[in-house]
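Reading through the structure tokens given below for one structure.
There are 2 protein chains.
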Amino acid sequence: MIRLYDLAGARDDCRFSPNCWPVRMALLHKGLQFETVPWRFTEKDAIAFSGQGSVPVLVDGEHTVFEKWAIAEYLEDAYPHKPSLFGGPGGRAPAYFVTNWTVSVVSAGVIRLILSDIFNVIHGKDKEYFRKTREQRFGMTLEAVTDGRDKRVEEFRNSLQPLRASLARSPHLSGEAPAWTDYVVFGPFQWARSVSHFPLLTPDDPVFAWRERMIQLFNREADKVHVLEK
Amino acid sequence: MIRLYDLAGARDDCRFSPNCWPVRMALLHKGLQFETVPWRFTEKDAIAFSGQGSVPVLVDGEHTVFEKWAIAEYLEDAYPHKPSLFGGPGGRAPAYFVTNWTVSVVSAGVIRLILSDIFNVIHGKDKEYFRKTREQRFGMTLEAVTDGRDKRVEEFRNSLQPLRASLARSPHLSGEAPAWTDYVVFGPFQWARSVSHFPLLTPDDPVFAWRERMIQLFNREADKVHVLEK
Chain V
0 MIRLYDLAGA RDDCRFSPNC WPVRMALLHK GLQFETVPWR FTEKDAIAFS GQGSVPVLVD
60 GEHTVFEKWA IAEYLEDAYP HKPSLFGGPG GRAPAYFVTN WTVSVVSAGV IRLILSDIFN
120 VIHGKDKEYF RKTREQRFGM TLEAVTDGRD KRVEEFRNSL QPLRASLARS PHLSGEAPAW
180 TDYVVFGPFQ WARSVSHFPL LTPDDPVFAW RERMIQLFNR EADKVHVLEK
Chain X
0 MIRLYDLAGA RDDCRFSPNC WPVRMALLHK GLQFETVPWR FTEKDAIAFS GQGSVPVLVD
60 GEHTVFEKWA IAEYLEDAYP HKPSLFGGPG GRAPAYFVTN WTVSVVSAGV IRLILSDIFN
120 VIHGKDKEYF RKTREQRFGM TLEAVTDGRD KRVEEFRNSL QPLRASLARS PHLSGEAPAW
180 TDYVVFGPFQ WARSVSHFPL LTPDDPVFAW RERMIQLFNR EADKVHVLEK
């Protein structure tokens, strides 16, 4: 059976990685059997076989694949007769663009709004590592990163305009039915609701309604884990 | 023959619209015969038949289509046996996302860097209309909008990161060969080089090299008009 190493918090059912969630949704989209293995930031030994220091890491028989986009392409190519993640070959390059947009706009925006909350849900053994590496990356304390978020969230919401405009045309970013572009953008939103009460979106935002549709997919998979923002 | 109403400046061969250029490239991509009709901002009567006050407006026999995305979809559906603009059905929804990203990030960024330069190339009869409508929209003079651009251009370059990341994987945004997503993002870059000497990009930027590839397409179509930034 396929194995997905999946970032976990103190609770085994706290699964908050914005990069693992798209993979999990992609596996469900493809209808593949899989199990997730809870993994903590400091358990480097557990995934050393992959040559990586972070998740997602996916093991499918003899194949070890890491990094969300590489995994998406792997699943598409290894299981071509299962439902397509990209809607066919022409969808692959623009889906990669959406993946890049997610990383540099959505995830980069979300982390500045929830970083200090992540600290509260992670495993005790990860706390020192997490604080040290993240404070080094941002050049300030975790708490300083999220300071003033009530005001700054407006800028984040504005940055979602391309997504909002697309949702005016179809219920999903990938069109009538969801596919990879939806799963990858959903990642940072599921990340936020897994670790924080902070409201990223207002209920009147079409992105809010889309996120609800995403939560309902696959028998509400995104609610089968522990979440803070309902 | 297909007719494209195309925004023109004082010179008939100054064709600077970021919204008309993607259509022009799409027509060439499809290998369709067409002629462009130079149109100025204040020539509302000339396109009144379309119900629109701005271009692009495309007339194909009995069909009148306006707005760049609607025209792209029209061409794809009306000429299904010509080369696809979206690489097949799965590419359409993410291509729409890229179109929305272009509007709210690339075009919105470019206009704040070149607005006052546009004023210099437009037809004399458009100048009063242009200054009045744009100064109303921005709530400041044309000159104030572009003030400080030498510093602000950094932020614009940063906003191109999703494009840059995609170009690390393939020579075009649409993959190995160019298609709609490339044409639509190229629009604002061709706009800038048509009206301004201001360097939007640095030569070491992968986006710069991509823009060069776009300029070379279709026997250097983008250089057959009058441009300021070479």
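Chain order of the listed sequences is V and X.
The first sequence maps to residues 0 to 229 in numbering that gives the first Met the number 0.
The second sequence maps to residues 0 to 229 in numbering that gives the first Met the number 0.
For every residue, glycine included, the Cβ atom is placed at its ideal position computed from N, Cα and C.
Legend entry - chain V contact residues for G87 (chain X), given Cβ-Cβ distances below 8 Å: Counting from 1 along the second sequence, the entry for residue 87 (chain X) is found at position 88. Result: G86, G87, P88, G89, G90.
Legend entry - Three-pair Cβ contact test at 8 Å for the stretch 20 to 38 of chain X versus the stretch 207 to 220 of chain V: no
Legend entry - Secondary structure of F40 (chain V), DSSP reduced to three states: By 1-based counting over the first sequence, the position of residue 40 (chain V) is 41. It is coil, neither helix nor strand.
Legend entry - Closer than 8 Å to chain V by CB, Y95 (chain X): Looking up residue 95 (chain X) in the second sequence gives position 96. Judged by the 8 Å Cβ criterion, Y95 (chain X) is in contact with chain V.
Legend entry - chain V contacts made by the stretch 161 to 187 of chain X, where a contact means CB separation under 7 Å: P161, A164, S165, R168, S169, L172, S173, G174, T180
Inset, instruction - Label E75 (chain V) either buried or exposed according to how many other C-beta atoms from any shown protein chain fall within 10 Å of its C-beta, with 16 as the threshold for buried. - result: Taking the first residue of the first sequence as 1, we reach residue 75 (chain V) at position 76. E75 (chain V) comes out buried.
Legend entry - Contacts around F96 (chain V), its chain only, beta-carbon distance under 6 Å, and the 5 residues preceding and following it disregarded: If you number the first sequence from 1, residue 96 (chain V) lands on position 97. None.
Inset, instruction - Provide the residue span of the alpha helix (DSSP H) that contains I46 (chain V), from first to last. - result: Sequence index remark: in the first sequence, residue 46 (chain V) carries index 47 (1-based). I46 (chain V) -> no alpha helix (DSSP H), and no H or E assigned at all.
Legend entry - 8 Å Cβ cut-off: residues of chain X touching W209 (chain V): Locating residue 209 (chain V) in the first sequence gives position 210, counting from the first residue. None at all; the shortest Cβ gap to chain X is about 13 Å.
Legend entry - Below-8 Å beta-carbon distance, S106 (chain X) vs any chain V residue: The residue you call residue 106 (chain X) lines up with position 107 of the second sequence. Not closer than 8 Å to any Cβ of chain V, the Cβ of S106 (chain X) fails to qualify, so no.
Legend entry - First and last residue of the uninterrupted beta strand (DSSP E) at I1 (chain V): The residue given as residue 1 (chain V) occupies position 2 in the first sequence. DSSP places I1 (chain V) inside the beta strand (DSSP E), whose first and last residues are 1 to 6.
Inset, instruction - Would you be able to state if there are at least three C-beta pairs under 8 Å between the stretch 53 to 63 of chain X and the stretch 60 to 68 of chain V? - result: no
Inset, instruction - Closer than 7 Å by C-beta to R130 (chain X): which residues in its own chain qualify, once you throw out the five before and the five after it? Chain order, please. - result: One-based indexing of the second sequence puts residue 130 (chain X) at position 131. Cβ neighbours of R130 (chain X) within its own chain (closer than 7 Å, five residues either side excluded): F118, L141.
Inset, instruction - Could you check the C-alpha separation between A191 (chain V) and L200 (chain V) for me, to the nearest Å? - result: As a working mapping, residue 191 (chain V) is identified with position 192 in the first sequence. As a working mapping, residue 200 (chain V) is identified with position 201 in the first sequence. Answer to the nearest angstrom: the Cα atoms are 11 Å apart.
Legend entry - Secondary structure of G174 (chain V), DSSP reduced to three states: Taking the first residue of the first sequence as 1, we reach residue 174 (chain V) at position 175. Strand at G174 (chain V).
Legend entry - Interface flag, N99 (chain X) vs chain V, CB-CB below 8 Å: Within the second sequence, residue 99 (chain X) is the residue found at index 100, counting from 1. True, the Cβ-Cβ gap to chain V drops below 8 Å.
Legend entry - Reduced DSSP secondary structure (H/G/I, E/B, other) of V184 (chain V): Working through the first sequence from its first residue, we reach residue 184 (chain V) at position 185. In this structure, V184 (chain V) counts as helix in the three-state DSSP scheme.
Inset, instruction - Verify whether the separation of the beta carbon atoms of E220 (chain X) and L27 (chain X) is less than 8 Å. - result: Counting from 1 along the second sequence, the entry for residue 220 (chain X) is found at position 221. Counting from 1 along the second sequence, the entry for residue 27 (chain X) is found at position 28. Taking 8 Å as the cut-off, the beta carbon of E220 (chain X) is found closer than this to the beta carbon of L27 (chain X).
Inset, instruction - Determine which residues share a DSSP beta bridge with L57 (chain X) and list them. - result: For the purposes of this step, residue 57 (chain X) is identified with residue 58 of the second sequence, where counting begins at 1. Answer is X:L3, X:V64.
Inset, instruction - Kindly list, in the order they appear in chain X, the residues whose Cβ is closer than 7 Å to that of S195 (chain V). - result: Within the first sequence, the letter at position 196 stands for residue 195 (chain V). In chain order: nothing, as chain X lies at least about 25 Å away.
Inset, instruction - Check whether the Cβ atoms of R14 (chain X) and A7 (chain X) sit closer than 8 Å, and answer yes or no. - result: Here the question's residue 14 (chain X) lines up with position 15 in the second sequence. Here the question's residue 7 (chain X) lines up with position 8 in the second sequence. Yes, they are a contact pair.
Inset, instruction - Measure the CB-CB distance between K29 (chain V) and Y78 (chain V) and report whether it falls below 8 Å. - result: The residue labelled residue 29 (chain V) in the question sits at position 30 within the first sequence. The residue labelled residue 78 (chain V) in the question sits at position 79 within the first sequence. In contact: K29 (chain V) and Y78 (chain V) (Cβ atoms closer than 8 Å).
Legend entry - Strand pairing of T35 (chain V), partner residues [DSSP]: Counting from 1 along the first sequence, the entry for residue 35 (chain V) is found at position 36. In the DSSP output, where bridge partners are listed per residue, T35 (chain V) has V:L3.
Legend entry - Close-in-space but distant-in-sequence residues of the same chain around S158 (chain V) (CB under 6 Å, 5 per side omitted): Within the first sequence, the letter at position 159 stands for residue 158 (chain V). These residues qualify, in order along the chain: V104, G108.
Legend entry - Own chain, CB closer than 6 Å to F207 (chain V), minus 5 neighbours either side, in chain order: Here the question's residue 207 (chain V) lines up with position 208 in the first sequence. Correct list, in chain order: L200.
Legend entry - Pairwise C-alpha distance: A178 (chain V) and P82 (chain X): For the purposes of this step, residue 82 (chain X) is identified with residue 83 of the second sequence, where counting begins at 1. For the purposes of this step, residue 178 (chain V) is identified with residue 179 of the first sequence, where counting begins at 1. Cα to Cα, the separation comes out at about 25 Å.
Inset, instruction - Decide if G86 (chain V) is buried, meaning its Cβ has at least 16 other Cβ atoms within 10 Å, or exposed. - result: Translated into positions along the first sequence, residue 86 (chain V) becomes position 87. So G86 (chain V) counts as buried.
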